[in-house]
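Below is one structure, written out as structure tokens; comments come after it.
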């Protein structure tokens with residue numbers, strides 16, 4: 155995906171449409187509703203809403219069950235890797251603390267720390283880095299305004 159295409163995405167509905175177009179076509183795809191962020195809610199609740207929306211985006215992009223990504227139990231490696239990408243993006247792109255990300259993903263802060271180090275190391279591979287960069291761009295458009303989380 156070219157950077158000029160990502161520059162065209164300016165709102166959550168446009169990000170949703172982009173996600174829908176990236177998803178592989180197997181049968182009739184189910185496009186999840188994007189989580190609306192209650193900007194009047196307390197900060198902790200808004201952060202949970204943002205991470206919930208991030209999980210929905212990851213679920214759609216990687217064709218993984220949102221239920222599996224939200225599960226508190228161990229899961230298969232591909233699902234765990236998608237969750238690790240989500241925790242990394244929430245921490246690095248949205249500037250959430252590791253404790254906040256851990257609460258939102260139902261994990262411990264040390265698990266988030268491990269995921270961030272792992273994904274950062276994996277970004278040395280150009281193709282993987284491009285995937286993570288694309289997710290970061292989508293998340294910025296969907297959840298950030300004026301450089302801060304909505």
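Numbering (the numbering used here), first residue to last: 155 to 304. Glycine included, every Cβ here is placed at the ideal spot set by N, Cα and C.
- Counting only residues of its own chain and dropping the five nearest sequence neighbours on each side, residue 216 has a CB closer than 7 Å to the CB of 236.
- In the structure shown, residue 261 adopts coil according to DSSP, grouped into three states.
- Annotation for residue 290: the continuous alpha helix (DSSP H) segment containing it runs 280-297.
- Counting the other CB atoms within 10 Å of its CB gives residue 249 a total below 16, which places it among the exposed residues.
- When DSSP states are grouped into helix, strand and coil, residue 217 belongs to the coil group.
- Shown here, residue 229 sits in coil according to DSSP, grouped into three states, outside any helix or strand.
- Going by C-alpha positions, residue 246 is about 9 Å away from residue 290.
- When C-beta atoms of the stretch 257-265 are compared with those of the stretch 201-212, three or more pairs fall below 8 Å, so the two segments count as touching.
- Separation of residue 244 and residue 228 (C-alpha to C-alpha, rounded to the nearest whole angstrom) is 20 Å.
- Excluding sequence positions up to five before and after residue 265, its CB lies within less than 7 Å of the CB of 256, all in the same chain and listed in chain order.
- Only buried fits residue 214, as 16 or more other CB atoms lie within 10 angstroms of its CB.
- Minimum Cα-Cα distance from residue 272 among the listed residues 280, 252, 242 and 293 corresponds to 242.
- In the structure shown, residue 200 adopts helical secondary structure according to DSSP, grouped into three states.
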